[in-house]
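Once you know that position 99 of the sequence shown is 82 in the numbering used here, the rest is easy, because the numbers rise by one and skip nothing.
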Amino acid sequence: KMRHFALQIKPCTKRNISEGKKNRKKCPDWVLVIVEKSPQIPKGDLDEKKDLEPPGLTIGQLYFSIQKPIHFRAENALVFSVNNFTVPTSAIVGQIRQEHHEKDFFLHIAYSVKWLSVKWGFHCSKRGGGDTPFLTSTPSFR
């Protein structure tokens, strides 16, 4: 796991704890998620979003439901983090909840926007033993 940034988690309030207990009784298998913007982001379109998510949902699928209200440039990437660790897009929300849920029964996920620079490199290789070179392209991330 890779360290990402320090998240200032808001203290658990009585309202959040009672709301979390009520939702856990209604849907015990579902995951209560709060997605918040990182403190490093000066302004954001989405300050906080509370949602009930199925336990089999991946972070990549959660990305698409969060991405719509957030406006960022094409060369930027949306990065999720839980307890100061970057979460891979293949991680399953139900497993993350078991490891990192708070006292208020919510899984707190922070998002930040990172600048991504992609440089495409082209190289020739001989394929199949012939004399004709085969042109391939591979992205290299900086």
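All residues carry an ideal CB built from backbone N, CA and C; glycine is no exception.
Predicted, not measured: the structure shown is a model, and the values here were computed from it.
On the three-pair Cβ rule with 8 Å, is the region 9 to 18 touching the region 77 to 93?
-> yes
Does the beta carbon of residue 63 fall short of 6 Å from some heavy atom of the ligand NAP?
-> Looking for the ligand NAP in the displayed structure turns up nothing, as the structure carries no ligands at all.
Can you have a look at residue 45 and say buried or exposed, based on whether 16 or more other CB atoms are within 10 angstroms of its CB?
-> buried
What are the start and end residues of the beta strand (DSSP E) that includes residue 58?
-> Residue 58 -> no beta strand (DSSP E), and no H or E assigned at all.
Residue 43 and residue 73 look like a contact to me (Cβ under 8 Å); what is the Cβ gap, rounded to whole Å?
-> 7 Å
So the beta strand (DSSP E) residue 14 belongs to, where does it begin and stop?
-> 14 to 20
Between the CA atoms of residue 12 and residue 5 - distance to the nearest angstrom = 13 Å
Residue 1 (DSSP reduced to helix, strand or coil) = helix
Which of helix, strand or coil does DSSP assign to residue 82?
-> helix
What is the residue span of the beta strand (DSSP E) that residue 133 lies within?
-> Since the first residue shown for the chain is -16 and the last is 125, residue 133 is missing from the structure and cannot be characterised.
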